[in-house]
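Below is one structure, written out as structure tokens; comments come after it.
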Amino acid sequence: QNFSFSCDEVGTIFVCDLRFMVDGNVQDKLPVDRGLDLTLLAREELDELHATTAELQGRLESTVSQMEYNLMSKEKEAREKEQKFAKEIESLSAANAKLEDELRRVKE
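Under the numbering used here, the residues of the sequence shown are numbered 7 to 114, in order.
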């Protein structure tokens, strides 16, 4: 493990367990080819970041589910409208055929 030791002006000693985040994954050691850019976070801050990330992930999943439901509802509505229009076209075609027959009979 990697530790960093520091102290403040009143003599309090801080011991930090160093963990490195590389491309979003926690690593115990920093790869040699990477530059060193450290940000120290208190455990509470890290826990808060994890909680916020989990909350956002949950909201994202909820939004995706809601959007999928809305899409399915709209697709169902579109299919129903399509069926309704198909039936209407069918009935209008039948009515048109009857009218054409009557017109032919009247002309005869």
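Even glycine gets a Cβ: it sits at the ideal position worked out from N, Cα and C.
Within the same chain, show all residues whose beta-carbon is closer than 6 Å to that of residue i, passing over the 5 residues directly before and after it, in chain order.
i	result
phenylalanine 20	Ser12
Output needed for residue i: all residues of its chain with C-beta closer than 8 Å, excluding positions within five of it in sequence on either side, in chain order.
i	result
aspartate 14	Phe20
methionine 73	none
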